[in-house]
Each structure stands twice: as structure tokens, then as C-alpha cells.
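Comments concern the structure below.
So, in C-alpha cells, the structure goes:
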């Protein structure tokens with residue numbers, strides 16, 4: 001199709017929107033390794049998982065076989081409020097870079113939570129409601145997941161209890177107030193509400209909290225209350241399944257105009273966005289129907305794929321969750337203060353870890369200051385103010401487009417723009433003032449952290 | 458068309474987007490009163506205005522006759538980046554209210570500046586660039602206009618100098634950093650950069666600044682620099698003209714589905730959003746082709762239409778700008794601290810003032826706490842976190858829908874949702890904590906302020 005015919009933004013009609021999530025595990029020859037019970041070292045059973053997670057979500061977590069999972073009508077109805085998200089042709093960025101590459105981005109920030117997290121939040125809230133639960137508990141760091149879950153719970157009239165890392169609770173009062181606007185209760189973690197919180201406060205009075213601690217509190221709050229379950233916004237297979245709506249829409253929009261991407265790029269923390277974006281394309285590659293380059297972009301400060309090890313590890317620093325086989329830096333790895341809060345996770349989705357290990361996907365890491373330079377360049381020509389997390393993908397998309405400029409290749413590049421940066425302006429301020437620093441862990445630091453991964457018999 | 462066929466969000470195809478701005482003055486029998494030179498009391502000439510404003514914008518300001526003004530291609534191209542904005546059917550709100558009314562809102566917050574202000578900012582920046590200027594100056598209070606102008610100037614590579622009221626500069630560092638991300642220079646006002654700023658600082662050391670002072674600084678900075686002009690985000694006829702794109706799109710989208718609104722509602726500060734939204738509908742009413750109810754909603758703390766006087770007054774507290782005939786509370790009126798910063802203006806667009814005076818439009822005022830209650834109710838069911846300004850329209854739309862519930866009437870209500878509230882979370886926090894107060898000026902306060910309007914011979 002000629003250049004002129006492709007609109008700036010490709011929207012799908014309601015009738016063209018995906019009715020199914022795509023489960024990439026169905027097409028994987030080697031399935032992702034199962035979650036293990038840390039006590040027994042045996043695969044977690046559905047019964048064991050059901051104490052923590054909703055029944056239907058447990059079933060999705062363990063489903064390695066069904067390729068297409070119908071999206072329930074109630075979730076489709078909610079999706080209609082903010083989906084389809086636009087697939088944007090970055091004409092202005094292309095012009096600025098003077099590249100022959102064609103750049104597209106799938107923008108997931110056009111909803112109040114400001115990110116793609118809402119796609120899974122609404123699904124998890126729906127299944128909790130359907131099971132007749134009173135509410136759900138979760139933790140949040142940067143706050144995107146907590147915001148998304150608050151919106152979803154408000155929609156289904158579910159109680160939502162968020163443990164927010166104390167330092168974020170204090171430094172990000174706006175995020176906290178958005179959650180309260182949607183009716184969530186937000187508790188700074190560690191708190192005196194839980195046994196694990198009280199223990200930590202006794203041991204480390206005045207601590208600022210950590211994501212690991214907040215997870216432990218949220219899990220305790222779920223399992224000790226009647227009618228509550230714990231929910232998580234990334235890493236899990238169920239989350240990648242829900243996020244496949246991003247990839248399904250992207251593929252439908254590209255197919256509508258006969259566009260075939262060469263490279264698909266996404267930022268990767270726990271893997272929910274990248275996994276969702278690439279899923280249906282990876283399916284084609286796994287089935288031998290098409291070939292694509294996939295690039296996972298992680299921060300140089302927390303490089304689990306590029307510098308971690310593919311082993312079983314704890315999903316949380318508190319070591320209360322099951323073991324997952326994944327690329328990890330060790331559950332005790334403490335990433336340097338990096339403003340891309342959503343990418344500060346020591347591990348990576350088991351699905352993406354397996355695909356990467358098999359060489360089906362590439363990975364690269366980028367430095368924070370380079371990421372913000374790309375973010376600002378993008379904002380000035382494309383208008384959207386990107387989240388730091390999303391800007392990792394922008395950085396690599398620009399780099400690939402500049403390579404095309406050198407070689408003259410007209411490659412088609414698609415990247416995931418996961419969200420907006422309205423609540424990250426402190427980081428932008430540091431960048432403007434020249435006080436932003438880069439941090440790259442030493443080999444010794446990573447080795448020391450990895451030495452503590454569990455030994456399985 | 459049956460209920461089921463109308464999508465949640467009505468988007469226009471690129472080919473259906475308006476190519477013209479609609480100039481409502483062309484259809485007004487009594488034209489809005491001209492701007493007057495405060496020295497001579499005579500109508501401002503194009504030559505006089507051209508020292509402050511770009512030539513093409515002066516022509517638009519004085520154009521009372523051309524009904525349709527073609528939108529230049531460069532501006533259409535920019536509009537494509539974030540327009541058409543969605544016209545959303547508020548199915549979830551209707552269900553929550555159990556009203557037979559059909560509610561639609563035109564959502565202008567889907568761009569990084571977070572509001573409709575970008576529609577005029579890009580036009581003003583374009584004409585400045587076309588005239589070969591180096592840059593533009595402006596003031597900003599709440600920051601939405603400054604953000605929009607920064608984005609527009611970045612796109613056309615124009616220098617952008619923003620005088621930001623000092624108290625906002627300090628209390629809204631995020632807004633400031635968004636502007637800096639787009640390359641604008643942001644100066645807290647009053648500053649030592651201008652003669653008027655130095656004078657004010659000498660007289661009132663430690664002052665927090667005011668919009669009036671910031672306007673004076675911005676105007677001085679424009680007229681004393683080679684290649685600069687001053688730009689303004691509301692009140693002026695040229696701004697309403699650019700904002701008519703909102704109404705043109707709304708009308709095209711409604712016409713596409715054969716929907717005829719009964720009531721059209723918008724918040725009103727200087728009038729840019731309301732004027733833009735209603736323009737083409739008002740045109741039909743003026744030409745006798747259709748009838749609609751139009752409702753302007755203003756804050757009870759700054760009620761220019763509902764409690765002001767229709768007289769000539771200064772547009773700024775510094776009294777450096779021309780006189781405009783408008784509904785005003787007096788240029789010295791100091792609105793109580795009200796979080797809807799964009800509605801804290803003492804006057805109202807001359808166009809809307811004239812239409813209101815002729816009884817073609819209604820006006821009402823609402824209290825801040827009632828506005829935030831509506832904002833929260835809306836956010837919880839419709840997802841979008843509304844700006845305080847926009848929430849004034851939500852309040853009245855809900856009230857009108859509830860009246861329909863009582864009478865059983867199936868009225869169609871359209872309101873303008875001008876922007877998002879991401880940078881207004883302090884106000885939401887006050888609302889959640891129960892520390893938000895309402896303020897309504899006394900008759901004596903308003904009379905005292907109005908007594909100081911200029912006496913024209």
C-alpha cells in the first residue's frame with residue numbers, strides 16, 4: 001500500500017477487535033518450566049496455587065495447551081472504554097531521523113492508569129468478582145499497576161488493598177491519590193497491619209520499604225482474610241496471556257494495511273508488555289509461518305536477560321512465593337535507584353526466558369541517560385510524553401532506524417509504547433539539570449547475588 | 458440508529474476530519490464589541506495590534522465576516538497526531554445514574570499537553586513561524602496553556618518563553634518540567650528579566666506572583682525583543698476560532714450517526730473550550746436551522762457570567778492590554794484559591810458574552826466540592842481522570858441527566874471533557890481528606906471590584 005494511504009493512527013473498528021487472548025505456550029515446543037513449591041521442590045498444584053490466586057487464573061497459569069482463550073464479554077465491554085489502542089505511524093520521528101525505516105508504535109498510555117497494566121488488571125478483577133470474592137490485595141512500586149488495579153476493582157465494585165512501597169508512597173503522593181480516587185485503600189509498606197510488616201519494622205525501624213516486603217505483606221493480607229486473593233501485574237504466564245491483546249490488535253491493524261514488520265521491540269521488566277506485544281508474532285515464528293526479529297530492551301542497571309543466569313529462583317525478595325525458572329540476577333539483587341521503576345525486577349517471565357534461551361528472541365541493555373535523551377527527542381516530535389520504561393524501547397527503535405539510515409534499508413520497525421510519563425517528572429527534571437547518573441552493576445555484584453539462588457536437589 | 462449500533466467511541470476517519478475552522482461571528486447579527494485602545498478609547502487597529510500579535514492572527518481577530526476559514530495543511534498535519542479526539546458515549550455513566558438520557562462527551566485530553574489548549578497553540582505557533590519570527594512569549598498559571606504552547610513551538614522549532622506564576626512554578630514542578638522537556642524556557646514571575654517584573658519585586662518583595670503580572674512580563678518581553686510576539690490561550694476571538702475544531706468534529710461525528718443533541722454543556726473560564734465546542738451548533742441556531750440549549754458552567758468562586766456585569770474592562774490586572782467588552786467581575790477581582798486554575802479568570806470571551814447577553818446561551822455556577830464529587834463519580838465508571846475545569850461540565854451533565862431520570866425524558870446531552878487531572882492531584886487529595894473548602898464571593902466584594910472598571914466617555 002502506498003505511503004500516503006497509511007494513516008497516522010491505525011484504529012480498529014469495534015468489530016475488528018480481538019475476541020481471544022493468544023496463549024503462546026501452546027505453540028512452544030519446550031514449555032516454560034513449571035513453578036515449584038519452595039518447600040518440596042515439586043511443581044505447584046492447582047490446589048496449592050488456589051490459596052493465593054483466583055481459581056480461573058490458576059487454570060490460566062497452568063494452561064500450556066489452549067492456543068486461543070475467549071475473552072469474556074464483560075472484559076470485552078471494559079476494553080471498549082479504552083481499546084483499541086492506536087497503532088501510530090511515527091512519520092515525524094522518521095522525518096527527524098531522516099531514516100528510510102518505517103516506524104510504528106503501539107501506544108498503551110491512552111487510559112487513566114497511563115499504561116498497559118490495565119489489560120491484565122481488568123481480567124484479574126473480573127475473575128475475582130466471578131468467584132464471588134470480596135476483594136484483592138497487591139503491592140505496587142512505581143504505582144502503575146496499583147493504579148490500573150484500582151480502576152479495575154472500582155469498575156467491578158471489588159475491595160482493593162494496595163501495599164505501596166513506603167518511599168514511593170511518600171515521594172509519589174499523586175499516584176497514591178489517583179488510587180484513592182478509584183476507591184482503593186493504600187497502605188505504606190512495611191506497615192503494622194501484617195505480621196511480616198511488624199517484624200520488618202521491629203528489625204529495621206525507619207526502613208523505606210521494598211517491593212519484596214510489599215509483596216510479602218500483600219500475600220499475607222490475602223491468605224489471612226476471608227474472601228480475598230492476591231494479584232500480580234507482571235511475570236506470570238496469566239499476565240502475558242491477558243497482555244496478548246496488545247499483540248493481537250497490533251497484528252490485526254498491520255494486517256489491515258498489509259504491513260509486515262521486520263523488527264519488534266519492547267522494554268522488558270517482568271516481561272508483561274513485551275510478552276503481550278510479541279505473542280502472536282512469535283506464534284507465527286514458532287509455527288514456521290513467518291520470521292521476525294524480537295528485541296527485549298532492559299536497563300543496564302538491572303540486566304536480567306543480558307547478564308543474568310537461567311535458573312530456578314525466588315520471585316520475591318521475601319521468598320514467600322513459588323520458585324520460577326527464569327533469567328535472574330538473584331532475588332536479593334538490589335537494583336540501583338533507577339527511575340524506570342517498572343523495570344527494576346531481578347527476574348524475567350519464564351515464557352520469555354525460555355524463548356530467549358532458545359535463541360528466538362534477542363536482548364539488549366541501555367543506559368538511563370541515553371534512554372532519557374531518546375524520550376525527549378521522541379516527545380518533541382511525536383508529542384507524547386513517554387514513561388521512562390517505554391523509553392527503553394524508543395531508544396533501541398531509534399538506534400535501529402539510524403542503522404537503516406546507514407545501510408539504506410527500508411525496514412519496518414514496531415515498538416511498544418507502554419505508557420506516559422506524567423508521574424515521572426522528577427526523573428525528567430534530573431535529566432534536564434544534568435544530575436541524572438548511570439549505574440551499571442559490576443560482575444562481582446551480580447555473581448554475589450546469583451550465588452544465593454536456591455540449590456535444587 | 459438503534460442503541461446497539463452506536464460505538465463507545467465515535468472516531469472520524471482522516472478523510473472526515475474538518476478542513477475548516479468555523480467563525481461564529483459571521484452568523485452573529487450583533488457582532489461582539491471591538492477591542493478598544495485604553496489610551497484613546499477607539500477600536501484597536503490592525504497596525505496597533507500587530508506590535509503584540511502575529512499579523513495573520515490580528516487578521517483573524519478582526520474578521521467578523523468569513524464563516525469558514527481554511528485550516529492550513531501544516532496545522533492539519535499536526536492535528537493528525539492527536540486528532541480526531543474521541544466522542545465517547547458515556548454508557549457506564551448512564552447505567553450508574555439509571556437515566557434515560559443519552560450522554561456523550563468530547564474528550565480533548567488525549568494529548569500530552571492534557572487539554573484542548575493544543576488546538577490553538579499549534580495554530581498560533583504556525584503563524585508565528587510563517588511570519589519568520591524567532592519566538593513567542595506567554596504566561597501560564599495552572600500550566601496547561603504553557604505546556605501546549607511548548608509542544609507547538611517544539612514542533613515548529615520556535616523559541617518559547619513562558620512566564621509562570623511563581624507560586625505555580627514552585628507548587629507544580631512537574632508542569633514546569635514538561636515544558637522544559639519540550640524545550641521551553643520557563644521563568645518564575647515576577648522576575649528580574651523585565652522592567653515591570655523588577656518594579657513589582659521592588660514594591661512587593663517576596664510576592665508569589667499573579668497571572669496579571671505574568672501577562673505584563675510576557676507582553677513586555679515580546680514587544681521589546683526583535684522577532685518575538687505575544688500569544689494568549691483563551692478569551693480572544695482567534696482562539697475561539699481555532700477551538701471550533703472541537704465543535705466541527707463533534708458535529709461531524711454526531712451527524713455520522715444521525716444524533717441530534719438537545720443540550721450542549723461546557724466549562725467556561727475565558728471561554729475557549731465552550732466557544733469552540735458550541736460554535737457550529739450555535740451557527741445553526743443563529744441561522745434558524747436548528748435549536749439547542751447551551752449551558753456555560755463556571756465556578757461559584759469566579760462567576761463572571763452569572764454575577765458579573767457586561768461592560769468594557771481590562772483583560773489583565775496589569776492593565777497593559779486592550780479593553781474588551783465582556784461579562785466581568787472587574788480586572789482587580791481576586792478569585793479565592795480554587796483548584797480549577799483554568800477557570801479563575803475575571804472576564805469572559807466577548808463572543809460568548811454577547812451570545813449570553815442575547816439569551817442564546819444559559820449559564821450556571823457550581824461549587825468546588827460538588828464538582829469534585831462529580832469528578833470522582835465520573836472517573837470510577839468512565840475510567841478517565843478528569844481535570845477540575847472539565848469536571849464543572851460533568852457536574853451539570855450529571856444534574857441534567859438526573860432531571861431526565863425524574864421526568865423520563867430521553868434527552869441527548871453532549872459535554873466537553875477538556876482535559877485530564879494528572880497534575881491536579883493535590884486538589885483531589887484535599888477532596889479525599891475532607892479539607893477542600895467552597896468559597897463564594899459576597900455581593901459587596903463583587904460590587905467593589907466592579908466599581909473599578911474603566912469609565913469610557
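Residue numbers (this note's numbering), protein chains in the order written: chain A, 1 to 457; chain B, 458 to 914.
In this text, a Cβ means the ideal position worked out from N, Cα and C, and glycines have one as well.
- Item | Against chain A: residues of the region 835-848 of chain B by CB proximity under 8 Å | Cβ contacts with chain A come from 836, 837, 838, 839, 840, 841 and 842.
- Item | Backbone secondary structure at residue 782 of chain B - three-state DSSP | strand
- Message: Between residue 638 of chain B and chain A, is the shortest Cβ-Cβ distance under 8 Å, so that the two count as touching?
- Response: yes
- Can you list, in chain order, the residues of the region 559-582 of chain B whose Cβ is nearer than 9 Å to any Cβ on chain A? 567, 568, 569, 570, 571 and 575
- In terms of residues, what are the limits of the alpha helix (DSSP H) holding residue 650 of chain B? Taken as a continuous stretch (DSSP letters only), residue 650 of chain B belongs to no alpha helix (DSSP H), as it is neither H nor E.
- Message: Here's the rule: buried if 16 or more other CB atoms are within 10 angstroms of the residue's CB, otherwise exposed. What is residue 111 of chain A?
- Response: buried
- Task: With 9 Å as the C-beta to C-beta threshold (strictly closer), list the residues of the region 151-166 of chain A near chain B in chain order.
- Result: 151, 154 and 155
- Among residues of its own chain, excluding the 5 on either side of residue 124 of chain A, which ones have a beta-carbon nearer than 6 Å to its beta-carbon? 231
- Message: On the CB-based measure, 16 or more other CB atoms within 10 Å of its CB, does residue 773 of chain B come out buried or exposed?
- Response: Its Cβ being crowded by 16 or more others within 10 Å, residue 773 of chain B is buried.
- For residue 478 of chain B, which beta-bridge partners are listed by DSSP? Answer is B:526, bridged to residue 478 of chain B.
- Message: Any beta carbon of chain A sitting closer than 8 Å to that of residue 552 of chain B?
- Response: The beta carbon of residue 552 of chain B sits no closer than 8 Å to any beta carbon of chain A.
- For residue 193 of chain A, I'd like the list of residues in its chain whose CB is within less than 8 Å of its CB, leaving aside the five on either flank, ordered along the chain. 187, 217 and 221
- Boundaries of the beta strand (DSSP E) in which residue 478 of chain A is found, first to last residue: Since the first residue of chain A shown is 1 and the last is 457, residue 478 of chain A is not available in this structure.
- Message: Against residue 538 of chain B, what residues of chain A qualify as contacts under a CB-to-CB distance less than 9 Å, listed in chain order?
- Response: 8, 9, 88, 91, 92, 382, 383 and 384
- Task: Measure from the alpha carbon of residue 11 of chain A to the alpha carbon of each residue in A:88, A:266, A:67 and A:138, then state which is nearest.
- Result: Here the closest residue by C-alpha is A:88.
- Query: Enumerated in chain order, which unbroken segments of the beta strand (DSSP E) with a length of 3 residues or greater are wholly contained in the region 88-130 of chain A?
  - Reply: 102-107
- Query: Span of the beta strand (DSSP E) holding residue 313 of chain A?
  - Reply: 309-314
- Item | Members of the region 173-199 of chain A that neighbour chain B once the beta carbon cut-off is set at 9 Å | Those residues of the region 173-199 of chain A that come within reach of chain B (Cβ to Cβ, closer than 9 Å) are 173, 174, 175, 176, 177, 178, 180, 181, 182 and 183.
- What residues match up with residue 750 of chain B in a beta bridge as DSSP calls it? Paired residues: B:720.
- Query: Does the ligand FMN have even one heavy atom less than 7 Å from the beta-carbon of residue 326 of chain A?
  - Reply: The model depicted lacks the ligand FMN and carries no ligand whatsoever.
- Message: Looking only at its chain, what residues have a beta carbon closer than 7 Å to the beta carbon of residue 241 of chain A, apart from the 5 residues adjacent to it on each side?
- Response: Within the same chain, residue 241 of chain A has close Cβ partners 21, 23, 60 and 69.
- Query: Unbroken beta strand (DSSP E) runs of length 3 or more, entirely within the region 347-398 of chain A: which are they?
  - Reply: 362-366
- State the Cα-Cα distance for the pair residue 1 of chain A and residue 17 of chain A, rounded to the nearest angstrom. Because residue 1 of chain A sits at a pLDDT of 40, beneath the cut-off of 50, its placement in the model cannot be relied upon, and the following sentence gives the value as read from the coordinates. Their Cα atoms are separated by approximately 22 Å.
- Task: Could you tell me which residues DSSP puts in a beta bridge with residue 165 of chain A?
- Result: A:189
- In the DSSP assignment, what residue or residues form a beta bridge with residue 873 of chain B? B:563
- Message: When you compare the CB of residue 480 of chain A with every CB in chain B, is at least one pair closer than 8 Å?
- Response: Residue 480 of chain A lies beyond the residue range present for chain A, which begins at 1 and ends at 457; the question has no answer from this structure.
- Query: For the region 56-77 of chain A, which residues have a beta carbon sitting closer than 8 Å to at least one beta carbon of chain B?
  - Reply: none
- Query: How would you call residue 255 of chain A, buried or exposed, if buried means at least 16 neighbouring beta carbons within 10 angstroms?
  - Reply: exposed
- Please state whether DSSP places residue 594 of chain B in a helix, a strand or coil. strand
- Taking DSSP as the reference, what is the three-state secondary structure of residue 428 of chain A? Residue 428 of chain A falls in the helix class under three-state DSSP.
- Item | Collapsed DSSP secondary structure at residue 633 of chain B in the structure displayed | helix
- Message: So if DSSP puts residue 493 of chain B in a beta bridge, which residue, or which two residues, is it bridged to?
- Response: B:500 and B:780
- Query: Does the separation of the CB atoms of residue 906 of chain B and residue 762 of chain B fall below 8 Å?
  - Reply: Between residue 906 of chain B and residue 762 of chain B, the C-beta gap is not smaller than 8 Å, which leaves the two residues out of contact.
- Look at residue 742 of chain B and residue 809 of chain B and say whether their C-beta atoms are less than 8 Å apart. no
- Message: Per the DSSP calculation, residue 160 of chain A is bridged to which residue(s)?
- Response: A:136
- Message: Using only the alpha-carbon positions, how far apart do residue 31 of chain A and residue 541 of chain B sit?
- Response: 44 Å
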